[in-house]
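Below: the structure, in structure tokens.
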Amino acid sequence: MPRTAKLQSLDPHTPMFAQFKEKTGPIVLANTFFVPKERTESFLALFRRQAEFVKAQPGFVSLQMHKGTADSQLLMNVAVWESTEALATAFGGPEFQRMAAEFPDDVVSYPHIFEQIDV
Numbered sequence: 001m002p003r004t005a006k007l008q009s010l011d012p013h014t015p016m017f018a019q020f021k022e023k024t025g026p027i028v029l030a031n032t033f034f035v036p037k038e039r040t041e042s043f044l045a046l047f048r049r050q051a052e053f054v055k056a057q058p059g060f061v062s063l064q065m066h067k068g069t070a071d072s073q074l075l076m077n078v079a080v081w082e083s084t085e086a087l088a089t090a091f092g093g094p095e096f097q098r099m100a101a102e103f104p105d106d107v108v109s110y111p112h113i114f115e116q117i118d119v
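Numbering follows the UniProt record's numbering, in which position 34 of the sequence shown is assigned residue number 34; successive positions increment by one, without gaps.
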């Protein structure tokens, strides 16, 4: 049985699950995935199932998936949520955890939560 995708932190000072403690919103979850080429289609099939579940969760706003250019093995999900609480509730639920466990262990996920700032 495959293990879940590996989670890596983009910023070692603020790991993903520590970010759930920050009560703020709206937020953007940017999740970059390293997906071996031979797994891209199966990964996207699993991700689409997971996305259908996520889109029905309270506090969900929008979701987009992007593919790296120039034959890259990177995919990036950008999801907007009303709050960190809504995101944490959706991700912490048993249905989401069951689906997340289906991703193969050679997929590496780099999730991070962001807030919009004025520039």
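We put the CB at the ideal spot given by N, CA and C, even for glycine.
Quickly, what does DSSP pair residue i with across the bridge? List them, please.
i      : result
Ala-30 : Val-78, His-112
With a CB to CB cut of under 7 Å and the five nearest residues on each side skipped, what residues in its chain are close to residue i?
i       : result
Ala-88  : Phe-20
Glu-115 : Thr-24, Ile-27
Arg-48  : none
Lys-37  : Gln-73
His-112 : Leu-10, Asp-11, Met-16, Ala-30
Could you pull the start and end residues of the alpha helix (DSSP H) that residue i belongs to?
i      : result
Gln-64 : Not the alpha helix (DSSP H): Gln-64 falls in the beta strand (DSSP E), residues 60 to 67.
Gln-8  : Run containing Gln-8: none; DSSP gives neither H nor E here.
Gln-19 : 16 to 19
According to DSSP, simplified to helix, strand and coil, what is residue i?
i       : result
Val-54  : helix
Phe-91  : helix
Ala-100 : helix
Lys-23  : coil
Ser-83  : coil
Ala-45  : helix
Go through its chain and collect everything with a Cβ distance to residue i's Cβ below 8 Å, but skip five positions before and after it.
i      : result
Gln-63 : The sequence given here has Leu at residue 63, not Gln. Only Ala-51, Val-54, Lys-55, Asn-77, Val-78, Ala-79, Val-80 meet the Cβ criterion.
Beta-carbon within less than 6 Å of residue i's beta-carbon, same chain only, minus the 5 sequence neighbours each way: which residues are those?
i           : result
residue 120 : Beyond the ends of the chain as shown, which are 1 and 119, falls residue 120; an answer cannot be given.
Asp-106     : Pro-36
Check: Taking three-plus beta-carbon pairs below 8 Å as touching, is the segment 16 to 35 in contact with the segment 65 to 82?
Finding: yes
Margin query: With a threshold of 8 Å, are at least 3 pairs of Cβ atoms found where one atom belongs to the segment 72 to 88 and the other to the segment 5 to 14?
Written below: no
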